[in-house]
Structures are given as structure tokens and as C-alpha cells.
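K.L.:
Below are the C-alpha cells for one structure; questions will follow.
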Amino acid sequence: MSRTLQLRLAYNGERFSGWQIQPDQRTVQGVLSDAIQAICGETVIPKGSSRTDAGVHAADQVASFTTSSPFTPDIWRRALNAHLPKDVVVLRSSEVNPSFDPISETVTKRYRYRIHDGEVRPVLARPFVWQWNSRLNVSAMQEASFFLVGEHDFTSFENPSSPRASKVRKINDLTIQRRDGGESTPDSEIWIEIEGNGFLYNMVRIIAGTLLMVGASKRPETWVGDVLADRNRTSAGPTAPPQGLLLLQINLKPQTATVCNGSSP
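And the structure:
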């Protein structure tokens with residue numbers, strides 16, 4: 505008898521070509537599939553809630569797969585962590601209703617983008633930030649971000665190669681604040697956090713690149729509203745590099761059909 509398991513994963517995306525399996529590429533979905541096969545002998549392609557791009561990190565990716573194995577969720581968690589590479593970890597596991605789908609069950613996603621604009625270069629944080637060589641105006645970035653909150657057509661903030669028909673998405677929350685940069689100088693990082701009901705291809709990274717143009721005094725705050733109205737990718741700022749992006753949290757519909765849970769100690 506088959507069972508469906510839900511996993512909450514974290515990973516360092518530095519050495520991955522994204523989530524989704526690709527020929528001759530190292531992907532998170534691929535190494536997870538390999539680990540499942542090593543444990544129970546089944547060939548399974550796990551589903552993920554978010555298709556993170558190459559180099560993008562995750563603190564809370566949701567995945568699911570169906571198996572005929574009798575192992576409990578916690579045994580699965582421990583076994584997977586024993587077989588997965590060191591840059592991926594299963595944080596929690598639970599048995600869910602067979603109809604569970606991590607994409608359709610997702611209500612909102614929250615991302616964080618980190619920009620380092622301190623005087624001292626971020627040697628230890630380098631794989632997780634976009635280093636900028638001049639001080640950015642956070643207040644201006646905050647003012648500009650107000651244009652993006654709410655439901656809009658985000659065509660200007662999508663990679664034009666995307667096949668998605670609808671470009672309408674809703675941003676529920678967008679916060680920008682200055683934070684300490686760890687080993688370097690105080691207040692040397694800017695964190696952009698965005699939560700919404702869904703995101704277009706490269707949308708968060710293009711938003712980050714556009715807001716940086718305002719923070720660097722290359723564009724006025726009102727320019728972001730014009731970019732949104734133009735519905736043209738060429739109107740927006742650059743696509744920020746992937747290493748600064750973190751999938752911070754996946755919020756699911758209330759799960760009433762969870763059979764049992766397993767979590768890390």
C-alpha cells in the first residue's frame with residue numbers, strides 16, 4: 505500500500521543547477537530522487553513547491569513523494585539525511601493525504617534577498633549576498649517598494665522566456681531593512697523580504713535589481729511605478745545574481761489529513 509510523505513528541506517544552492525532535474529546537471533530534485541532510490545529501491549521523482557533557480561538557496565522548501573515503503577516519517581528523515589549530500593538536509597517529514605500536491609497546496613511564499621554594501625567585502629558571506637560597491641539609500645528603496653505591493657500585472661519583472669500566460673500576481677508584504685553583515689561592518693547588509701501568492705520566473709531577482717537602481721540614486725522612487733505600468737521587461741532594472749536569494753518560507757493550506765510527523769531533534 506502506497507503512502508505520501510511531505511518533506512521540509514533546506515539547501516545551499518551554490519553547487520546546484522536549481523531544483524528541477526536536468527540532464528547532466530546536479531539538482532536538488534535529482535539528489536533527493538537518488539537518495540530515495542538508495543533507501544527503498546524505488547524510482548521516484550519528488551515534487552517541489554518552488555522551482556528555485558541555479559545558485560538560489562532555500563530554508564524551507566516543501567517536497568512530497570509517494571512510496572510503498574513501511575518506514576515511518578522520522579525513519580525516512582534520518583535515512584534521507586544519511587544519503588543526501590552535505591548541502592541538503594531534511595528538516596521535517598510527515599505522512600499526508602495521498603492527494604497532497606506541494607504546488608496547489610501552497611498559499612504564499614516568502615523570499616529574502618540580501619545585498620551587501622559595506623566597506624569591507626563579505627568574505628564569509630560571499631556565497632549568500634550580492635556585493636555592491638557603494639552605500640545604498642534604504643529609505644528611497646522603501647518608498648519605491650510601495651508601488652509593488654498588491655495585485656498587479658508583473659510582466660516587467662519576469663524573464664521574457666517564461667511560457668506562463670498570466671502575469672498577474674499578488675504581493676502581500678514587501679519589507680526592506682538594513683542589517684548587520686556578520687563578520688564585517690555593522691549595518692552592511694540590506695534585506696529585501698517579499699511574500700506573495702506566487703512569483704514569475706526571476707521576478708524576485710528583477711525586483712531586487714530594480715530597487716537597487718533606486719537605492720543607488722540611478723532612478724527616482726516613482727520610476728518603479730512607471731516600470732510596473734509599462735509591462736515591458738526592458739523597462740526594469742537588472743536581474744540580481746542568484747546567490748543573494750533565499751526561499752525563506754512556504755505557507756501551506758491547513759493540513760487536516762496529516763497522519764503522523766517526524767522532526768529533527
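Start counting the sequence shown at 505; every next residue gets the next number (the working numbering).
The beta-carbon is built from N, C-alpha and C at its ideal position, and this holds for glycine as well.
Every value quoted in this text rests on a predicted model; they were computed, and no experiment measured them.
Taking the alpha carbon of Asn601 as the reference point, which residue from Met645, Leu509 and Lys613 has its own alpha carbon closest?
P.N.:
Asn601 has its Cα closest to that of Leu509, out of Met645, Leu509 and Lys613.
K.L.:
Since Arg581 is in the alpha helix (DSSP H), which residue starts that stretch and which ends it?
P.N.:
First-last of the alpha helix (DSSP H) with Arg581: Pro577 to His587.
K.L.:
Which residues in the same chain as Ser643 place their Cβ atom closer than 8 Å to its Cβ, once the five residues preceding and following it in sequence are excluded?
P.N.:
Answer for Ser643: no residue qualifies.
K.L.:
For the alpha helix (DSSP H) that Gln529 lies in, which residues bound it at each end?
P.N.:
From DSSP, Gln529 is part of no alpha helix (DSSP H); its letter is neither H nor E.
K.L.:
Give the DSSP-derived three-state secondary structure of Glu518 in the structure shown.
P.N.:
In this structure, Glu518 counts as helix in the three-state DSSP scheme.
K.L.:
From Ala514 to Arg614, what distance separates their C-alpha atoms?
P.N.:
Straight-line Cα distance between these residues: approximately 14 Å.
K.L.:
Output needed for Gln524: all residues of its chain with C-beta closer than 8 Å, excluding positions within five of it in sequence on either side, in chain order.
P.N.:
Same-chain partners within the cutoff: Thr531, Gln533, Gly552 and Arg555.
K.L.:
Identify, in the order they occur along the chain, each residue of the same chain with its Cβ nearer than 7 Å to the Cβ of Gly719, setting aside the five sequence neighbours on each side.
P.N.:
These residues qualify, in order along the chain: Leu640, Asn641, Val642, Ala644 and Met645.
K.L.:
Does the beta-carbon distance from Val566 to Gly748 come in below 9 Å?
P.N.:
Contact flag unset, no.
K.L.:
From which residue to which residue does the beta strand (DSSP E) around Trp695 run?
P.N.:
Where Trp695 is concerned, the enclosing beta strand (DSSP E) stretches over Glu693 to Gly700.
K.L.:
So, is Met717 buried or exposed, given that buried needs 16 or more other C-beta atoms within 10 angstroms?
P.N.:
Classification for Met717: buried.
K.L.:
Would Pro550 be called buried (16 or more neighbouring beta carbons within 10 Å of its own) or exposed?
P.N.:
Pro550 is buried by the Cβ-count criterion.
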